[in-house]
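Worksheet: one structure, shown below.
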Amino acid sequence: MAMRGIILLCALTWAVITVAADAQDFDPRSTSAAPCGMGTPPPGHQLPEVRPTSGGITMIVRQDGSRLCYVVGGSADAPVLRVRLGTALNVTLRNEITDPAAIDAVAGPGKLASPNEPVPNAAGFYPVLPGMRHPATGATNLHVHGFAVPPVKPQDDVLTVCTDPASGPVGCGQRSFTYHYHVPTNMPAGLYWYHPHVHGEVQAQMLMGLTGAIVVEGPQDDARHAAGIEERVLVVRQLPDLDAGKIQAAAMTAAPMTMTNAGQAERTTNPNATEVDTAHELLCNRNSSIDAISLNGTPVPLGEAPDSALANIKIAANGKQLLRILNAATDAFLDLAITDAHGQALPFEILARDGSPLTDDAGAKLPSAATSQSQLVPPAGRLEILVAAPPIGTKAYLVSHAVDTGCAGDRIPERRLAVIEAAPATPALLAAALPVAKTLRPTLFSGLLTQHTDRERTIVLAEYPRPGSADQIDFYIAERRPGAVLKPYMMGDPPAITVKAGTTEEWVVENWTNELHAFHIHQVHFRLLEVDGRRVDNPPLLDVVNVPYATATGYHSKEGPVRPGRVRIKLTFPPALAGDIPFHCHLADHEDNGMMAVLRVLPPAHTAATH
Ligand SMILES: [Cu+2]
């Protein structure tokens, strides 16, 4: 404690030393006095790993004030689950949440001095219905993000399955639920993750600690292990701060109203509407805070920080290591790169994105995988890279560059996440080389690019200040069609889109707002074909994609005063994944406040009946 007197000189150093001091007390054991363990882990902490047997595992959600944790085998340090393609994963989730009010406090709204007015109805524009607040209930459930398993109980059904908190029933009808996932043999092998998906409280529960990684292993991993190439799982989480749920508090302003709303509040449809109102979109804000993040539970310092405050990654000299990086932040984007001590970009090799090995449509490995370009990883995205040891005596860094999230988005500064150094190599490692498989086995999504496109759709993203004095924003995702209505998603809403299993579609996702959004769809991976109208070379197979923000074009542009950011994706709905599939923005606050919808995939039998 005496050291703190010296380091008060610099708030940043103080924060770093505080972490180090707390780290000495780190004890992840869950006890009745400390349900989520004690302290924060030291820099470089490696997450515990669990390889569930066929008997499965039990994950208990416990609460300690403003913290939530997954407790597995007595440890409150959410483990990396390792599962094999073609095997069963059984997880019993038990809800021991005691104080839902503490969850509510994490993402609760502030009060505005001058209330926001509703978006007025105007000829030609989609009507905008206001959303409402969902107070946290303490219900929780489990979503296995990216898993190509059915959205049907007892697998990845986040719409009807939940568990009641210990504080009292809230309508789930059960305190625990056992998920029985069958990991298909033809799912891409790589990094996935788990988190709660109870609409309205996803952001708060994730910020309080409920996220964890899943590594799905296949034959490639056997070859890598045989070659002695080590791997490390790095989970970036976001920490609760004043920003959560209270975005843009002082600066959030609706555009000035140019017409009266009198008599228009009840008008909820407009059959001739074809346009998105951009005049009342959430405006730029000038005082957004910086999201605090952690790496494997250790807070990541801001600005210049001593190497001792960073995770230290040792890679055998002349060897390589696989870094599996998960962005489990609620709304912080990452822009990952490897640099030398002077900030110069160093090369690395991308093995997979979003759990999907970097291959072409036929499964052949792409030559473009070697790069020194930084890689944007949106919230929920994953990046798996092979990194070479720097020359002995030098250092390299895993960094996340600053991200421009748009003028209504959060500020995301450059940060160093880890320092990388060479370690003495054993003769065996020196001889090892990663076996090069030129072609990987086909997956559920192989051949997607050559499939006939049965239908094209345009999906629109919008956001408006919520009417009233609660300092919140309503978020919207809807299919563009004449007469569409922008309405925030509410639990139990009917599917927005219905398709037949086995069909293939192209969607253009348009972002009409002043900030980035991360489009995600459950169950299926999609190919990213275009960004802002430009073709993407070697379209990657993803399950979450950044959608660029809208840009002002100038009043005289033929496109009008605003051009939406847009991506074009191609996706198919395999019969094995039929059911109600959610799609939403993976900025958790946006999803909670309405930017979510449901796609119903009709099973083949039903499809035949409707012909
Ligand atoms: Cu969003």
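According to the numbering used here, the residues represented by the sequence shown are 288 to 898, in order.
For glycine and all other residues, C-beta sits at the position ideal for the given N, C-alpha and C.
Problem - Inter-stretch contact at 8 Å, needing at least 3 Cβ pairs: the segment 573–585 / the segment 456–469 - result: no
Practice task
State yes or no: is the C-beta of Leu-368 nearer than 6 Å to some heavy atom of ligand 1?
Solution key: If you number the sequence shown from 1, residue 368 lands on position 81. No, Cβ of Leu-368 sits at least 6 Å from all heavy atoms of ligand 1.
Problem - Where the beta strand (DSSP E) through His-809 begins and ends - result: Residue mapping note: residue 809 aligns to position 522 of the sequence shown, counting from 1. Segment: none, His-809 is in no beta strand (DSSP E) and carries neither H nor E.
Problem - At least three beta-carbon pairs within less than 8 Å, the segment 625–645 to the segment 587–595 - result: no
Exercise for the section: Could you please give the first and the last residue of the uninterrupted alpha helix (DSSP H) stretch that includes Leu-494? Expected result: Numbered from its first residue, the sequence shown carries residue 494 at position 207. Its alpha helix (DSSP H) spans residues 489–494.
Handout entry: Under the three-state DSSP convention, the category Glu-878 falls into
Key = What you label residue 878 is simply residue 591 of the sequence shown in a count that begins at 1. Helix.
Problem - Under 7 Å, CB to nearest heavy atom of ligand 1: contacting residues - result: Leu-748, Phe-762, His-804, Ala-805, Cys-872, Leu-874, His-877, Met-882
Exercise for the section: Can you tell me which of the three DSSP states Ala-410 falls into? Expected result: Counting from 1 along the sequence shown, the entry for residue 410 is found at position 123. Note: Ala-410 maps to coil in three-state DSSP.
Handout entry: Reference Tyr-776, options Arg-640, Arg-371, His-486, closest by Cα
Key = Here residue 776 refers to the residue found at position 489 of the sequence shown. Ranking Arg-640, Arg-371, His-486 by Cα distance to Tyr-776 puts His-486 first.
Handout entry: Identity of the residue in Phe-806, Arg-822, Asp-819 nearest Pro-869 by Cα
Key = For this step, residue 869 is matched to residue 582 along the sequence shown. That would be Phe-806, whose Cα lies nearest to the Cα of Pro-869.
Practice task
Tell me whether Met-882 is buried or exposed, calling it buried when 16 or more other Cβ atoms sit within 10 Å of its Cβ.
Solution key: Here residue 882 refers to the residue found at position 595 when the sequence shown is read from its first residue. Buried: at least 16 other Cβ atoms inside 10 Å.
Exercise for the section: Check the Cβ-Cβ distances between Leu-613 and every residue of chain C, and say whether any is below 7 Å. Expected result: No chain C is present in this structure, which holds just one protein chain.
Practice task
Have a look at Leu-858 and Arg-814 and give me their C-alpha separation to the nearest angstrom.
Solution key: Taking the sequence shown and counting its residues from 1, the one referred to as residue 858 is at position 571. Taking the sequence shown and counting its residues from 1, the one referred to as residue 814 is at position 527. Approximately 7 Å between the Cα atoms of the pair.
Problem - Given 8 Å, three or more beta-carbon pairs between the segment 333–340 and the segment 396–407 - result: no
Exercise for the section: State the Cα-Cα distance for the pair Leu-685 and Leu-673, rounded to the nearest angstrom. Expected result: Here the question's residue 685 lines up with position 398 in the sequence shown. Here the question's residue 673 lines up with position 386 in the sequence shown. Cα-Cα distance, rounded: 12 Å.
Handout entry: Beta-bridge pairing of Phe-870 - partner residues as DSSP gives them
Key = Your numbering for residue 870 matches position 583 in the sequence shown. DSSP output for Phe-870 lists Ile-808, Ala-884 as bridge partner(s).
Handout entry: Beta-carbon spacing of Gln-525, Thr-427 below 7 Å
Key = The sequence position of residue 525 within the sequence shown is 238, counting from 1. The sequence position of residue 427 within the sequence shown is 140, counting from 1. Going by C-beta atoms, Gln-525 is not nearer than 7 Å to Thr-427.
Practice task
Following the continuous alpha helix (DSSP H) through Pro-471, name the residue where it begins and the one where it ends.
Solution key: Mapped onto the sequence shown, residue 471 falls at position 184. Counting along the chain, Pro-471 falls outside any alpha helix (DSSP H), and DSSP gives it neither H nor E.
Problem - Three or more C-beta pairs below 8 Å linking the segment 764–771 and the segment 742–751 - result: yes
Practice task
Work out the CA separation of Thr-385 and Gly-852 for me, nearest whole Å.
Solution key: Against the sequence shown, residue 852 aligns to sequence position 565. Against the sequence shown, residue 385 aligns to sequence position 98. So the two alpha carbons sit approximately 42 Å from each other.
Handout entry: Three-state secondary structure (DSSP) of Ile-390
Key = To locate residue 390, count along the sequence shown from 1; it is residue 103. Of the three classes helix, strand and coil, the one that applies to Ile-390 here is helix, per DSSP.
Problem - C-alpha distance - Ala-566 paired with Ala-837, whole-angstrom precision - result: For this step, residue 566 is matched to residue 279 along the sequence shown. For this step, residue 837 is matched to residue 550 along the sequence shown. Those two C-alpha atoms are separated by around 13 Å.
Exercise for the section: Within the same chain, show all residues whose beta-carbon is closer than 7 Å to that of Asp-451, passing over the 5 residues directly before and after it, in chain order. Expected result: Residue mapping note: residue 451 aligns to position 164 of the sequence shown, counting from 1. Closer than 7 Å at Cβ, skipping near neighbours: Asn-382, Ala-426, Val-457, Cys-459, Gln-461, Arg-462.
Practice task
Determine the extent of the beta strand (DSSP E) in which Pro-752 is found, giving its start and end residues.
Solution key: By 1-based counting over the sequence shown, the position of residue 752 is 465. Run containing Pro-752: 742–752, per the beta strand (DSSP E) assignment.
Problem - Buried versus exposed call for Gln-660 [16 or more other C-beta atoms within 10 Å across all chains shown] - result: Position 373 of the sequence shown holds residue 660. Exposed, by the Cβ-count rule.
Handout entry: Boundaries (first-last residue) of the alpha helix (DSSP H) holding His-512
Key = The residue labelled residue 512 in the question sits at position 225 within the sequence shown. Its alpha helix (DSSP H) spans residues 506–513.
Practice task
Assuming Ile-791 contacts Gln-738 (C-beta within less than 8 Å), just tell me the rounded distance between them.
Solution key: Position 504 of the sequence shown holds residue 791. Position 451 of the sequence shown holds residue 738. The sequence shown places Thr at residue 791, not Ile. That belief holds up - the Cβ atoms of Thr-791 and Gln-738 are roughly 4 Å apart, short of 8 Å.
Handout entry: Straight-line gap, Gln-480 to Gly-411 (C-alpha atoms, nearest Å)
Key = Position 193 of the sequence shown, counted from the start, is the residue given in the question as residue 480. Position 124 of the sequence shown, counted from the start, is the residue given in the question as residue 411. Correcting the residue type first, residue 480 is Trp in the shown sequence and not Gln. When rounded, the distance between both Cα atoms is 42 Å.
Practice task
Quick one: grab the DSSP three-state call for Leu-416.
Solution key: On the sequence shown, residue 416 is found 129 positions in, with the first residue counted as 1. DSSP places Leu-416 in coil when its eight states are reduced to three.
Exercise for the section: Taking the CB atoms as reference points, tell me whether Gln-608 and Glu-517 lie closer together than 7 Å. Expected result: Walking along the sequence shown from the start, residue 608 turns up at place 321. Walking along the sequence shown from the start, residue 517 turns up at place 230. In contact: Gln-608 and Glu-517 (Cβ atoms closer than 7 Å).
Exercise for the section: Assuming Arg-669 contacts Arg-640 (C-beta within less than 8 Å), just tell me the rounded distance between them. Expected result: One-based indexing of the sequence shown puts residue 669 at position 382. One-based indexing of the sequence shown puts residue 640 at position 353. Going by Cβ atoms, the distance from Arg-669 to Arg-640 rounds to 7 Å, so yes, they are a contact pair.
Exercise for the section: Go ahead and pull the three-state DSSP assignment for Asp-594. Expected result: Along the sequence shown, read from residue 1 onward, the residue named residue 594 stands at position 307. Three-state DSSP puts Asp-594 in a helix.
Problem - Contact set for Arg-753: own chain, Cβ-Cβ below 7 Å, skip 5 residues either direction - result: Here residue 753 refers to the residue found at position 466 when the sequence shown is read from its first residue. So the list reads Asn-403, Pro-417, Gly-418, Gln-759, Ile-760, Asp-761, once near-sequence residues are dropped.
Problem - Neighbourhood of Ser-575 by C-beta distance below 6 Å, restricted to the same chain and skipping five residues each side - result: In the sequence shown, residue 575 corresponds to position 288, counting from 1. For Ser-575, where only same-chain residues beyond five positions count, the Cβ hits under 6 Å are Asp-697, Arg-698.
Practice task
Quickly, what does DSSP pair Asp-314 with across the bridge? List them, please.
Solution key: Counting from 1 along the sequence shown, the entry for residue 314 is found at position 27. Beta-bridge pairing links Asp-314 to Met-325.
Handout entry: Residue nearest to Asn-599 in terms of C-alpha spacing, selected from Gly-373, Ala-705, Asn-572
Key = Within the sequence shown, the letter at position 312 stands for residue 599. Taking only the C-alpha atoms, the option nearest Asn-599 is Ala-705.
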